[in-house]
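K.L.:
Handing you this structure, nothing more for now.
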Amino acid sequence: MFFSLFLWLKRIILKKLFLLIFLLFSVVSFSQTKKIKILSTELSTADESKYPGATLLIGKVKMSHEGATLDCQRALLYKDKNLFKAIGEVVIEQGDSIIQYSDFATYDGNTKKAKSWGNVEINDKEMQLKTDTLHFDRINQILYYPNGGTIKDTKNTLTSTKGTYYLKDKKFTAQSKVTVVNPDNHLDSDRLDYYTNTQLAYLYGPSTITNLKDSTKIYSERGFYDTNTDVSYFVKNAKLFLKERTVSADSLYYDKRKGFASATNNIKVIDTVQNMVAKGNYAELYEQKDSLFIIDRAVAISVLEKDSMYVAGDKILLTGKPEKRVARIFNNVKIFKSDLQGKCDSIHTSQETGLTRMFKKPILWSNNSQITGDSIQLLTNKDTNKLDSLKVLQNAFMIQQDSVHKENFNQIKGRNIFGKFENDDLRTMLVLGNAESLYYNHNDETHKLETITKEIASDIEFILEDNEITQTKYFKKSEGKTYPPSQFPSEEKKFKGFIWRGDEQPLTVEDIFVKDKPSITPSKKKKELEVVKEAKENFVKETSKKKKLEKLNLKRVK
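Structure below.
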């Protein structure tokens with residue numbers, strides 16, 4: 003028992019002794035590797051009165067410490083503190099990675115941190131750094147300057163008030179008044195990360211890139227920029243400033259050399275020449291082709307004198323130089339202006355002619371008036387940028403809902419209708435060919451319906467004020483009659499082809515983005531009814547079979 007206890011205590015003591023010896027050996031070894039070594043000097047002396055605890059080294063001083071060497075003209079070495087202060091033509095080399103020059107330097111061998119000042123210059127394989135004061139953390143391989151510095155590589159020159167360079171990653175983090183300049187571009191930023199080996203910049207604050215050849219600008223508050231390829235990608239408050247357009251979006255990709263940009267979410271494209279704005283949630287822009295493509299809540303806005311005209315559709319395509327630009331809007335097109343709304347399948351606008359053409363079941367509304375035809379055209383005065391005239395070609399039909407008796411409709415019908423605008427208001431209308439008109443006449447004071455007039459003529463001219471007809475002129479009138487309301491034939495209340503589409507009229511800007519429900523043709527509706535009928539019949543048959551089977555099983559059980 004006693005002998006076993008003795009062996010146990012012996013083993014414990016030996017383990018602790020071994021651990022103590024190992025720790026002491028490690029501390030000694032560690033302290034030895036951290037000591038600064040003097041490799042050469044012309045004179046070594048001491049002056050305790052002036053430099054207590056220091057060895058004064060003079061002339062061609064060379065020291066080393068853990069893979070780094072230091073050359074200078076004079077130095078103070080504090081062996082106890084493992085610290086030195088170098089003066090004059092200081093050169094620090096770290097293997098083959100960096101060479102540093104300065105007028106003065108201090109180095110702490112225990113923390114492996116150096117501070118250099120006075121004409122500091124540092125070089126590695128990727129870059130050259132110049133500053134007034136530089137801090138060097140050898141353990142973490144980090145360089146830092148607090149009072150302004152300049153970095154040059156094979157492509158760019160970077161300057162900033164504060165900067166940190168990570169030697170392992172070749173990454174430079176710059177803050178405050180940052181610029182990156184090369185022969186093609188000038189970048190200004192609040193903060194960025196720049197990699198000297200790849201020459202890529204990551205932006206983390208308000209930043210602007212200016213092309214020095216054509217003054218193109220890009221602004222963003224967060225993004226990426228490749229200085230080699232001139233490709234950039236921004237994800238916060240991105241804006242692209244071109245000669246004739248400004249593009250803003252939540253995110254923006256831009257390839258300067260290809261002249262291509264794509265934008266996503268909350269896109270706004272401003273045409274600074276033509277006073278036009280386009281919006282959407284995805285866009286592609288091709289500078290060399292002068293083309294812009296927008297989808298997803300796409301809308302083109304023409305800025306007029308009184309108010310703006312909004313034209314929305316599934317797709318917007320703008321092509322050509324400003325003076326010859328063509329706008330095409332496809333599918334589910336809707337128009338909104340405070341006094342004019344419209345709808346069609348597609349629309350085509352030429353900046354050169356000022357002509358806008360609406361295709362496939364076009365319709366226009368102005369207050370309580372509705373205009374339809376096979377084709378509708380609007381002409382804008384290029385000098386004043388105001389609506390000039392209107393053309394409704396083939397099967398022209400104008401319907402105006404009675405403001406008092408909503409069930410009644412004034413109607414104008416003919417082969418073609420030509421209208422003229424004044425100050426963006428429709429003032430005259432000329433119905434040419436097979437003209438017909440139907441009017442409900444009221445007492446001006448009581449608004450009581452007094453008569454109903456139906457006229458047929460070769461042509462009819464109307465004068466309007468505040469979208470109400472005030473004068474009518476008939477050409478080659480063939481027949482016409484005015485009826486008391488009680489004697490007007492009910493079957494003549496609506497001209498052939500009458501369709502009132504007031505429920506389709508966009509009444510607000512937001513209405514132009516509402517998709518219409520797809521219309522069901524009679525044949526399609528018939529097929530759907532047949533499918534439903536067949537399904538019902540099958541359900542009844544299956545239910546009947548199930549009930550019979552249940553009864554049969556019930557009898558068997560009994």
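Note that my numbering has the sequence shown beginning at 3, numbered continuously upward.
The beta-carbon is built from N, C-alpha and C at its ideal position, and this holds for glycine as well.
DSSP three-state call for valine 511: helix, strand or coil?
P.N.:
It is helical.
K.L.:
Helix, strand or coil: which one does DSSP assign to glutamine 75?
P.N.:
Three-state DSSP puts glutamine 75 in a strand.
K.L.:
For the beta strand (DSSP E) holding valine 92, just list the boundary residues, first then last.
P.N.:
Here the beta strand (DSSP E) through valine 92 covers 85-96.
K.L.:
Counting pairs of beta carbons, one from the stretch 234-249 and one from the stretch 270-284, are three or more of them closer than 8 angstroms?
P.N.:
As far as the Cβ criterion goes, the stretch 234-249 touches the stretch 270-284, which means the pair count is three or higher.
K.L.:
Tell me whether the beta-carbon of lysine 245 lies closer than 9 angstroms to the beta-carbon of threonine 210.
P.N.:
Contact: no.
K.L.:
How would you write the range of the beta strand (DSSP E) that methionine 129 sits in, first residue to last?
P.N.:
Run containing methionine 129: none; DSSP gives neither H nor E here.
K.L.:
Buried or exposed for isoleucine 465, please, with buried defined as at least 16 other CB atoms from any protein chain shown within 10 angstroms of its CB.
P.N.:
Looking at its Cβ environment, which holds fewer than 16 other Cβ atoms inside 10 Å, isoleucine 465 is exposed.
K.L.:
At the level of alpha carbons, what is the spacing between leucine 78 and phenylalanine 86?
P.N.:
Each residue's alpha carbon lies about 5 angstroms from the other.
K.L.:
State the start and end residues of the unbroken beta strand (DSSP E) segment that holds glutamine 276.
P.N.:
No beta strand (DSSP E) holds glutamine 276; DSSP gives it neither H nor E.
K.L.:
Applying the 10 Å Cβ sphere with the 16-neighbour rule, what's the burial state of valine 406?
P.N.:
It is exposed - the Cβ of valine 406 has fewer than 16 other Cβ atoms within 10 Å.
K.L.:
Could you say which of Val305, Glu128, Asp216 and Pro148 lies nearest to aspartate 426 if we only look at CA atoms?
P.N.:
If we check each option's Cα against that of aspartate 426, Val305 comes out closest.
K.L.:
Please report the straight-line C-alpha distance between glutamine 507 and leucine 242, rounded to a whole angstrom.
P.N.:
In a straight line, the C-alpha of glutamine 507 is about 36 angstroms away from that of leucine 242.
K.L.:
Give me, in chain order, the residues of the same chain whose beta-carbon lies closer than 6 angstroms to that of valine 180; leave out the 5 immediate sequence neighbours on both sides.
P.N.:
Here the set comprises Ser162, Ser191 and Leu194.
K.L.:
For isoleucine 141, I'd like the list of residues in its chain whose CB is within less than 7 angstroms of its CB, leaving aside the five on either flank, ordered along the chain.
P.N.:
Excluding positions up to five away in sequence, the list reads Lys114.
K.L.:
Please state if the CB of isoleucine 514 and the CB of lysine 362 are separated by a distance shorter than 9 angstroms.
P.N.:
Cβ distance not < 9 angstroms, so lysine 362 and isoleucine 514 don't count as in contact.
K.L.:
If you run the structure through DSSP and keep just helix, strand and coil, what is lysine 415?
P.N.:
In the structure shown, lysine 415 sits in a strand (DSSP, three-state: E or B).
K.L.:
Where does serine 480 sit, in a helix, a strand or coil, going by DSSP?
P.N.:
DSSP places serine 480 in strand when its eight states are reduced to three.
K.L.:
Mapping the DSSP letters down to three states, classify serine 104 as helix, strand or coil.
P.N.:
Strand at serine 104.
K.L.:
From the DSSP output, read off the bridge partner residues of tryptophan 119.
P.N.:
Answer by DSSP bridge pairing, in chain order: Phe106 and Thr135.
K.L.:
Confirm the yes/no value for this check: CB of alanine 285, any heavy atom of the ligand SAH, distance under 8 angstroms.
P.N.:
Looking for the ligand SAH in the displayed structure turns up nothing, as the structure carries no ligands at all.
K.L.:
To the nearest angstrom, how far is the alpha carbon of leucine 440 from that of arginine 503?
P.N.:
Cα to Cα, leucine 440 sits roughly 18 angstroms from arginine 503.
K.L.:
If we ignore side chains and look at the alpha-carbon of each, how far apart do phenylalanine 497 and isoleucine 349 end up?
P.N.:
Rounded to the nearest angstrom, the two C-alpha atoms are 28 angstroms apart.
K.L.:
Compute the beta-carbon to beta-carbon distance between leucine 145 and leucine 131, rounded to the nearest angstrom, for a pair I have assumed lies under 8 angstroms.
P.N.:
Contact flag correct, Cβ pair sits at about 7 angstroms.
K.L.:
What three-state label does DSSP hand aspartate 298 in the structure shown?
P.N.:
It is a strand residue.
K.L.:
Nearest to glutamine 143 by alpha carbon, out of Leu432, Asn239 and Lys170?
P.N.:
The candidate whose alpha carbon is nearest that of glutamine 143 is Lys170.
K.L.:
When you compare the CB positions of threonine 57 and serine 66, do they come within less than 9 angstroms of one another, or not?
P.N.:
Against a cut-off of 9 angstroms, the Cβ pair of serine 66 and threonine 57 comes out as no contact.
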